[in-house]
Structures are given as structure tokens and as C-alpha cells.
Amino acid sequence: MVEKEPKIVVVGASGVAESLVAALSLRTVSPMALMSPTLGHAEQLVERYALKSQVVHTLMELPTDADIYLFAVPDHAVQEVSQAMPATEGVWMHTAASVPLEELSSIHRSSAVFYPLNTFTKGRPLPLEQTPLFYEVADQKAYDAVISLAHLLQMNGREASLGVRRQLHVAAVFACNFVNHQWAVATKILQRAALPVEVLHPLMQETLQKAIQLGALEGQTGPARRGDTVTMQTHEQLLADHPELWQEMYRLLSRSIACMAK
Numbered sequence: 001m002v003e004k005e006p007k008i009v010v011v012g013a014s015g016v017a018e019s020l021v022a023a024l025s026l027r028t029v030s031p032m033a034l035m036s037p038t039l040g041h042a043e044q045l046v047e048r049y050a051l052k053s054q055v056v057h058t059l060m061e062l063p064t065d066a067d068i069y070l071f072a073v074p075d076h077a078v079q080e081v082s083q084a085m086p087a088t089e090g091v092w093m094h095t096a097a098s099v100p101l102e103e104l105s106s107i108h109r110s111s112a113v114f115y116p117l118n119t120f121t122k123g124r125p126l127p128l129e130q131t132p133l134f135y136e137v138a139d140q141k142a143y144d145a146v147i148s149l150a151h152l153l154q155m156n157g158r159e160a161s162l163g164v165r166r167q168l169h170v171a172a173v174f175a176c177n178f179v180n181h182q183w184a185v186a187t188k189i190l191q192r193a194a195l196p197v198e199v200l201h202p203l204m205q206e207t208l209q210k211a212i213q214l215g216a217l218e219g220q221t222g223p224a225r226r227g228d229t230v231t232m233q234t235h236e237q238l239l240a241d242h243p244e245l246w247q248e249m250y251r252l253l254s255r256s257i258a259c260m261a262k
């Protein structure tokens, strides 16, 4: 028996929404509708991925006969969207790590969290089959919908409570957002010295590969790891005139590295 593809509505035009829409389009699936309150955003996705989806700009315009309603919106908007949704029979899902399932299930019983753990940017869709999926469900109907969508997107999912998702999220902030910020700082330092950022690319690539293959703790190097206070003091002096808290950041990270190395 051939499994019927679920009818899907996507609310939002974020980076997460784009990766979901792009993954569906690769499987020749067009969402029933895309909703974005910002004129042009949903239209861009329809054009970019050759979708046959209806475009709407208010929640009350959404079709009410879909199987799945995916809320790919910022964390702070999940509650607002859920409270403004029309009555539907389909399963509601949000994609936010730190938002409780109850923000949906208190309004609509068949609800779920569908949290793909990755970094998402508009205009840069990710292959979701390589992205870990964490989910939480309110009932059997929601579970069936999550498994159906995960199967369609070729994602491997595992159940995760709100507490687990929040731990995942804070770990991801350290592994992604903070690391990216360090690279941005490094770029600024080189630019102020009239040096090309490309000279760091081999180092950045090796750092990531070593952290994956050896483990970040085992692969840690640098003056803080070896207790080279003379070098660290020289670096701190170089950063003293920068107003962006780089010197304080350098000191704090160096102390953290030294503590973990003990």
C-alpha cells in the first residue's frame, strides 16, 4: 500500500521554513499554502522552488483541511500564531527548541514540536536528511503526523522533552553562534591590520575537523591551554584599545580553557 503524502501548510518564511519548503520541493511536494505576513516573502519561496502553493498573508486565509500545519516562526511568535489560528483538524507543529509544546496543545490538542537541529539562513537551504530531528507530541495523531513528515523528508528523529531540547539549544549556541562570533571578531582583527581573512580558512577548517574527529577537549591548543601567560598578556595589550569587549572576552575564554584543561 502506497502511503499518502500529507497535505502541509507552512506558516512563516524564515530560514527554517525555506529549508523545509526546499526539501519538500526536491520530493516534488508543494505545500497547500505558504503564509507570511510580509508581502513578497512567501511569493519568493514559491518562485524560487517552483511551487504550486497558495500564498496567503493572514492566518484566517489558510486552508483548514491540511494534515499538518508547520509554524516555522521565531520563538516569541509561536504563541501569537497559535492563538490566532482558525479551527482545523490537522496537526499543529512548531519548530522552536525552547518553546513548550503546551503553547500549542493548550489550544489545539493534536500538536507537536518538530525541531531540526541546525543553523538556518534565508537563501541557503540545508539538506534536512543530514539534520538531526527532535520531536515531542501531545497525542497519537500528532505522533503519526511527525513520523509521516520525517519519513517524507528522510529525517531520523528522536523524542525529546522540553528540558532536553533546551540543553540541545544552549549547546548549539556554544557550538554555532558563539563560534561564528569568534570568527567575526577574528575577521575584524585581520581587517584592521590590512590582512586577508582567507589566511584563517585552513585553520578554521582544521579546527572543525579536529573537534569532530578527536573531540574538542582533546584537540584544544593555544596559550591558555599550555599556561603561556606571557603570550596571553601580549594579546590582551593588543586588544586593549578595542571597544567591543574583545579583551574581556579573551580573558574569560582563556580562564574557561584553563579550567577545563585541569
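In full-length UniProt numbering, the protein residues as written are 1 to 262.
Glycine included, every Cβ here is placed at the ideal spot set by N, Cα and C.
For this session: Give the DSSP bridge partners of Pro116, in chain order.
Result: Leu133
For this session: Pick out the complete beta strand (DSSP E) segments inside the UniProt domain "DUF2520" (137-257), 3 residues or longer, and give them in chain order.
Result: 157-159
Exercise. Any idea if Thr58 is buried or exposed, counting beta-carbon neighbours within 10 angstroms, 16 or more meaning buried?
Worked result: exposed
Exercise. Ends of the alpha helix (DSSP H) at Ala33?
Worked result: Here Ala33 belongs to no alpha helix (DSSP H); instead the beta strand (DSSP E) covers Ala33 to Met35.
Exercise. Where does Arg27 sit, in a helix, a strand or coil, going by DSSP?
Worked result: coil
Problem set entry | Residue burial classification, Val146 (beta-carbon count within 10 angstroms, cutoff 16) | buried
Problem set entry | Assigned secondary structure, Met93 (DSSP; H/G/I helix, E/B strand, else coil) | strand
Problem set entry | Coarse secondary structure for Val99, derived from DSSP in three states | coil
Exercise. Should Leu153 and Ala23 be called a contact, given that it needs their Cβ atoms to be closer than 7 Å?
Worked result: yes
Exercise. Within 10 angstroms of its Cβ, does Gly12 collect 16 or more other Cβ (buried), or is it exposed?
Worked result: buried
Problem set entry | Endpoints, beta strand (DSSP E) assigned at Leu70 | Ile68 to Phe71
Exercise. Is the segment 44-54 touching the segment 101-108, taking contact as three or more C-beta pairs under 8 Å?
Worked result: no
Problem set entry | Alpha-carbon spacing of Ser14 relative to Glu206, whole angstroms | 31 Å
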